[in-house]
Amino acid sequence: MQSFLELAKKRFSARSYIDKPVEKEKINQCLEAARLAPSACNSQPWEFIVVDEPELKNRLADSIFSGTHSTNSFAKKAPVLVFVVSDKGSFISKVGAFMRDTRFYLIDIGITAEHFVLQAAELGLGTCWLGWFNENAAKKILKIPKNKRLDIVISVGYTEKTAPEKNRKTFDKLAKFNSGA
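Given below as structure tokens:
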């Protein structure tokens, strides 16, 4: 088993996939990791829709990654698309969100989605978070109610690529101890 830091270094946004199906057991492990994610007031304001049936996946990909959303058309080659459906959380988390002017449900779905993609990396799968897609087309095809949101799509599959060198802030620009100055 690798350390968490090794896993964080290994995970990257995969934008090319090989023609190999992803085992349901691996997707289920990713979903289990996502299920265990914390959320504000334990509201768990998420649901995952896994699309691995090729005909439906292709129809969805053609609809949601075309036109102005075509920058993410590489995701059409992924054998699996995972849709993170969100609502605004529990009453208490909504009150807290109002008082703090913070949309906690977005933080929550970010945490659960990151659990998913980190578990995928641990299992040798490539993933890419996608926020630029035709939400209305996806909601229509997947029959998602209007009161729900689709903020994230995750493409999942095997890739021959490895994590490129990460270009990140230096440590001294990342964190300060005991002061913001």
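Residue numbers (the numbering used here): -1 to 179.
Built from N, CA and C at the ideal position, the CB exists for glycine as well.
Keep in mind that this is a model prediction, so the values were computed, not measured.
Residue i classed as buried or exposed, judged by whether at least 16 other C-beta atoms fall within 10 angstroms
i           : result
residue 69  : exposed
residue 129 : exposed
residue 54  : exposed
residue 60  : exposed
residue 124 : buried
residue 155 : buried
residue 9   : buried
residue 131 : buried
residue 111 : buried
residue 42  : buried
residue 172 : exposed
Closest residue to residue i among the options (Cα-Cα distance)
i           : options           : result
residue 11  : 115, 108, 137, 56 : 115
residue 56  : 77, 179, 134, 108 : 77
residue 170 : 126, 162, 179     : 179
residue 126 : 157, 137, 146     : 157
residue 72  : 172, 152, 48      : 152
residue 51  : 75, 143, 145, 1   : 75
residue 101 : 38, 137, 135, 168 : 38
residue 63  : 145, 134, 159     : 134
residue 16  : 159, 166, 167, 24 : 159
residue 141 : 167, 58, 113      : 58
residue 139 : 49, 14, 40        : 49
residue 150 : 46, 161, 168      : 46
residue 146 : 67, 167, 161, 44  : 44
In DSSP terms, what residue i is bridged to
i           : result
residue 193 : Residue 193 lies beyond the residue range present for the chain, which begins at -1 and ends at 179; the question has no answer from this structure.
residue 147 : 84
residue 11  : 125
CB contact check: residue i to chain D, cutoff 8 Å
i           : result
residue 116 : No chain D is present in this structure, which holds just one protein chain.
Okay, do the stretch 110 to 125 and the stretch 0 to 10 touch, 3+ Cβ pairs below 8 Å being the bar? At 8 Å Cβ cutoff, the stretches touch.
Beta strand (DSSP E) segments (min. 3 residues) lying fully within the stretch 21 to 45: none
Under 8 Å: do the stretch 17 to 33 and the stretch 71 to 87 share three or more Cβ pairs, one atom per stretch? yes
Alpha helix (DSSP H) segments (min. 4 residues) lying fully within the stretch 107 to 145: 133 to 140
If contact is defined by three or more beta carbon pairs under 8 Å, each pair taking one atom from either stretch, is the stretch 100 to 111 in contact with the stretch 20 to 30? no
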